[in-house]
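Chemist: Let me give you the structure first, and then I'll get to my questions.
Number of protein chains: 2
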Amino acid sequence: MSYQIELRHLTYFNVLAEELHFRKAAERLFISQPGLTRQIRQLETLFGASLFERGKRFVKLTDAGRFLKTETDILFSQLDYIRVQLKKIGEGKRAALRVGFIGSAAQTVIPDILYRLNRKHPDIDVSLNELPNDAQVTALLENKLDFGFVRQQQAPAGLSLQKISEEPFALVVPDKHPVHTKNFRSLRQFEKENFVLFGRDYSNDYYQLVMSIFSDCNFIPRVHYQTVNALTIFKLVEKGMGVAIVPASLKKGYDIPVRFIELNRIPQRSQLSLLWNPASRNPGIGALLELVR
Amino acid sequence: MSYQIELRHLTYFNVLAEELHFRKAAERLFISQPGLTRQIRQLETLFGASLFERGKRFVKLTDAGRFLKTETDILFSQLDYIRVQLKKIGEGKRAALRVGFIGSAAQTVIPDILYRLNRKHPDIDVSLNELPNDAQVTALLENKLDFGFVRQQQAPAGLSLQKISEEPFALVVPDKHPVHTKNFRSLRQFEKENFVLFGRDYSNDYYQLVMSIFSDCNFIPRVHYQTVNALTIFKLVEKGMGVAIVPASLKKGYDIPVRFIELNRIPQRSQLSLLWNPASRNPGIGALLELVR
DNA sequence: ATAATTAATAACTATGAGTTATCAGATAGA
DNA sequence: TCTATCTGATAACTCATAGTTATTAATTAT
Chain A
1 MSYQIELRHL
11 TYFNVLAEEL
21 HFRKAAERLF
31 ISQPGLTRQI
41 RQLETLFGAS
51 LFERGKRFVK
61 LTDAGRFLKT
71 ETDILFSQLD
81 YIRVQLKKIG
91 EGKRAALRVG
101 FIGSAAQTVI
111 PDILYRLNRK
121 HPDIDVSLNE
131 LPNDAQVTAL
141 LENKLDFGFV
151 RQQQAPAGLS
161 LQKISEEPFA
171 LVVPDKHPVH
181 TKNFRSLRQF
191 EKENFVLFGR
201 DYSNDYYQLV
211 MSIFSDCNFI
221 PRVHYQTVNA
231 LTIFKLVEKG
241 MGVAIVPASL
251 KKGYDIPVRF
261 IELNRIPQRS
271 QLSLLWNPAS
281 RNPGIGALLE
291 LVR
Chain B
1 MSYQIELRHL
11 TYFNVLAEEL
21 HFRKAAERLF
31 ISQPGLTRQI
41 RQLETLFGAS
51 LFERGKRFVK
61 LTDAGRFLKT
71 ETDILFSQLD
81 YIRVQLKKIG
91 EGKRAALRVG
101 FIGSAAQTVI
111 PDILYRLNRK
121 HPDIDVSLNE
131 LPNDAQVTAL
141 LENKLDFGFV
151 RQQQAPAGLS
161 LQKISEEPFA
171 LVVPDKHPVH
181 TKNFRSLRQF
191 EKENFVLFGR
201 DYSNDYYQLV
211 MSIFSDCNFI
221 PRVHYQTVNA
231 LTIFKLVEKG
241 MGVAIVPASL
251 KKGYDIPVRF
261 IELNRIPQRS
271 QLSLLWNPAS
281 RNPGIGALLE
291 LVR
């Protein structure tokens, strides 16, 4: 009568909370249904709260159960994280850094930073992950990521931000477009054109920044194709599907017959920032921060 | 050979990490020493990392062990938190809010807010805890607290801040002091006096704000007594030990023969803020935030 | 009616946590 | 140098309980 809560209970609970079916959950756990029934009941007495409502032909979560589900999800993801870090440390590494980055930043800054990090701290393992801006924010908050390279200026609630670099935007037009750097005056010259832009899901912050360029000129662009890949955007521009606005540095590294017109006179600039969770206890966080500051 | 990590392992590990002595740890756990030895070794194989270095007459943590210790500490505190919340929810409550507050704010705002919260959400339990400013910040980051009422303007990294109220500072002088509201001109009139102030450990942010009042007048005050209790400060002022600077609202609720001179013309004002961790999943957070906004 | 689901119950079995007894090495004292 | 004492590891046990099979009771579908 005085046993303890074990991870086993929580694992079983977690699966049952997903299946909402004792037999199926038991199957998924490779145990028998009565075994599961008993462990779940134990868990309920141990917590002093009923977690499932058992109808005659259905099982569903109570409020308490719903709460516990989100908590155990987090708990297990933390355990996974502990396992990974521990393995690394056991192998003599200091830490494993999970770095996210936005595709358009891969060209320049990130390789350099990571190269310097590796030279200074060879005992820190880095895993890279290309992710949209907002996905990085969520991943950081859920401790699925240690660092994120994003295109945005403000730190979202709960995260810290360090500015890495800043650059002007550039218009991307087809090679034989009548407008070029010399005769470019204003975006209004493109009032009749389609615009090919990064989608809102790439980064809401970034999207709004680009949109503010248009609203400063007092016109609403016709946006036809939204995509998250820089190369795709260039291809679309090349084929005459429209013109694009991208961070100027993107011109490096691609060999597509398109022309870049830097927007040096507008106040909007694209900022690349490093995001991280100040609550994180990853022993490698300090090392990277020290490097970029 | 294919068992799983259980909380038992982590509990044992945690105690051993504190005792660094198998027999003593086993004693504290009410199990035998060989049993502990075996469980720890299991944990080490399961994690694939050695956690303790066993010398002939000593046991100490490896790097991996040190890392795991901080992680399990957090893990167990989360489990405690889950237990508490689950108990509450099981009893039909929505949540339990752990609210911290700084002593000098108890008089006015907090009772009002909590009264309204309770009337609107009787299913939310609130526990109150008087804590210094900085202790609240740490507690919030460690998820030992859901809300903190603090005297500071900026949100510390990782926390969100909502301004609650703002008020001028006031000078507190003995009843028969020559300076009073009518003939008060500048703080420089007190250049020769001692100042009784809240200590730096009450809140660094607050301390610097008060100090900036002095530096704006270009003088360094002679601070003789530092204390964290408003009543103590008033008593010291009454006894002629010096004058004080406190948030003006503190004059309510105390009956001490001291005189308050409101500093309405200086830019510094004392701001009471609500702090919380945006990463917190406490279901009661939204309710209180809604109320104060 | 009958068959097919569901979860709960009862009685079992066997795994492995925890036990006792002992060992091997180290230190310290006489 | 011989003991006495302390350490954690090892070996062989036993017993509590997780997980088993078989069954029931109650529901729904045919």
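Residue numbers (full-length UniProt numbering), protein chains in the order written: chain A, 1 to 293; chain B, 1 to 293.
Glycine is no exception: its CB is placed at the ideal position from the N, C-alpha and C atoms.
So does A/E6 have its beta carbon nearer than 7 Å to some heavy atom of the ligand MG?
Modeler: The model on display carries no ligand, and the ligand MG is accordingly not part of it.
Chemist: Relative to the C-alpha of B/G148, which residue among B/L7, B/L288 and B/Q4 is closest?
Modeler: The option with the nearest alpha carbon to B/G148 is B/L288.
Chemist: Considering only residues of the same chain and omitting the five flanking positions on each side of B/G65, which have a CB-CB separation below 7 Å?
Modeler: Result list for B/G65: A17, L51 and F52, in chain order.
Chemist: In angstroms, rounded to a whole number, what distance separates the CA positions of B/E238 and B/V173?
Modeler: Near 7 Å, if we compare the C-alpha coordinates of B/V173 and B/E238.
Chemist: For A/P267, which three-state DSSP category applies?
Modeler: Looking at A/P267 - three-state DSSP - the assignment turns out to be coil, as it is neither helix nor strand.
Chemist: Can you give the Cα-Cα distance for A/S136 and A/K69, rounded to whole angstroms?
Modeler: Per the sequence presented here, residue 136 of chain A reads as Gln, with Ser not at that position. The straight-line gap from Cα to Cα measures roughly 23 Å.
Chemist: Closest to B/R185 by C-alpha separation, out of B/I245, B/D134, B/A230 and B/R265, would be which residue?
Modeler: Of the candidates B/I245, B/D134, B/A230 and B/R265, the one whose C-alpha sits nearest the C-alpha of B/R185 is B/R265.
Chemist: Anything in chain A within Cβ reach of B/T70, meaning under 7 Å, just list it in chain order.
Modeler: Those are R281, listed as they occur along chain A.
Chemist: Any beta carbon from chain B within less than 8 Å of A/G240's own beta carbon?
Modeler: Chain B, which has no Cβ nearer than 8 Å to the Cβ of A/G240, makes this no.
Chemist: Name the chain B residues that come within less than 7 Å of A/D63, Cβ to Cβ?
Modeler: Within chain B, the residues near A/D63 are I89.
Chemist: The beta strand (DSSP E) that contains A/S127, what's its start and end?
Modeler: Per DSSP, A/S127 belongs to the beta strand (DSSP E) from I124 to E130.
Chemist: Check for me: the alpha helix (DSSP H) holding B/S215 runs from which residue to which?
Modeler: Segment N204 to D216, the alpha helix (DSSP H) holding B/S215.
Chemist: How would you call B/M1, buried or exposed, if buried means at least 16 neighbouring beta carbons within 10 angstroms?
Modeler: Because the pLDDT at B/M1 is just 48, under 50, the model does not fix this residue reliably, and the point stays unresolved.
Chemist: Which residue comes first and which comes last in the beta strand (DSSP E) that contains A/S165?
Modeler: Residues S160 to P174.
Chemist: If we ignore side chains and look at the alpha-carbon of each, how far apart do B/T45 and A/L236 end up?
Modeler: Answer to the nearest angstrom: the Cα atoms are 54 Å apart.
Chemist: State the Cα-Cα distance for the pair B/D80 and A/F76, rounded to the nearest angstrom.
Modeler: Taking the straight line joining both Cα atoms gives about 16 Å.
Chemist: By Cβ distance, which residues of its chain are closer than 8 Å to A/P257, with the 5 residues on each side in sequence left out?
Modeler: So the list reads P174, D175 and E238, once near-sequence residues are dropped.
Chemist: Looking at C-alpha atoms only, which residue of A/T37, A/V243, A/P156 and A/I89 is the closest neighbour of A/Q189?
Modeler: Residue A/V243 is the option with its Cα nearest to A/Q189.
Chemist: Output the distance between the C-alpha atoms of B/D216 and B/H121, rounded to the nearest integer angstrom.
Modeler: About 45 Å.
Chemist: Just to make sure I have the definition right: I need the residues of chain A whose C-beta is within less than 7 Å of the C-beta of B/F76. Which are they?
Modeler: None at all; the shortest Cβ gap to chain A is about 11 Å.
Chemist: Whole angstroms are fine: how far does the CA of A/N143 sit from the CA of A/N282?
Modeler: One C-alpha to the other measures close to 10 Å.
Chemist: Are any of the Cβ atoms in chain A nearer than 8 Å to that of B/F219?
Modeler: With 8 Å as the cut-off, B/F219 does not count as an interface residue toward chain A.
Chemist: Give me whichever residues DSSP pairs with B/K60 in a beta bridge.
Modeler: DSSP lists B/E53 as partners of B/K60.
Chemist: Please state the DSSP three-state secondary structure of A/P247.
Modeler: Residue state, collapsed to three classes: strand.
Chemist: Taking all protein chains shown into account, decide if B/H9 is buried (16 or more other Cβ within 10 angstroms of its Cβ) or exposed.
Modeler: Looking at its Cβ environment, which holds 16 or more other Cβ atoms inside 10 Å, B/H9 is buried.
Chemist: Could you name the residues of chain B that A/Q85 contacts, counting a contact when the two beta carbons are closer than 7 Å?
Modeler: Per Cβ cutoff of 7 Å: F67.
Chemist: Within this structure, are the beta carbons of B/R151 and B/Q271 separated by less than 8 Å?
Modeler: Cβ distance < 8 Å, so B/R151 and B/Q271 count as in contact.
Chemist: When you compare only the Cα positions, how much space is there between A/L197 and A/A157?
Modeler: Going by the C-alpha atoms only, they are around 27 Å apart.
Chemist: Roughly how many whole angstroms lie between the Cα atoms of A/Q162 and A/F101?
Modeler: If I take the Cα positions, the gap works out to 14 Å.
Chemist: Could you tell me the distance, in whole angstroms, from the CA atom of A/I261 to the CA atom of A/K182?
Modeler: Approximately 9 Å, taken between the alpha carbons.
Chemist: So, B/R99 versus B/N129, is the Cβ gap smaller than 8 Å?
Modeler: Checking the sequence, you will find Val at residue 99 of chain B rather than Arg. Yes, the Cβ-Cβ distance between B/V99 and B/N129 is below 8 Å.
Chemist: Spatial neighbours of A/L291 within its chain, please: CB distance less than 8 Å, with the 5 preceding and 5 following residues excluded, ordered by chain position.
Modeler: Only I113, R116, L117 and K120 meet the Cβ criterion.
Chemist: Who are the Cβ neighbours of B/G92 in its own chain at under 8 Å, not counting the five residues just before and after it?
Modeler: Cβ within range, chain order: D123.
Chemist: Chain A beta carbons: is any one of them nearer than 8 Å to that of B/I5?
Modeler: Closer than 8 Å: yes.
Chemist: Measure the C-alpha to C-alpha separation of B/N218 and B/R200 and round it to an integer number of angstroms.
Modeler: Between B/N218 and B/R200, the C-alpha separation is close to 20 Å.
Chemist: Using the beta-carbon count (16 or more within 10 Å), is A/I220 buried or exposed?
Modeler: Classification for A/I220: exposed.
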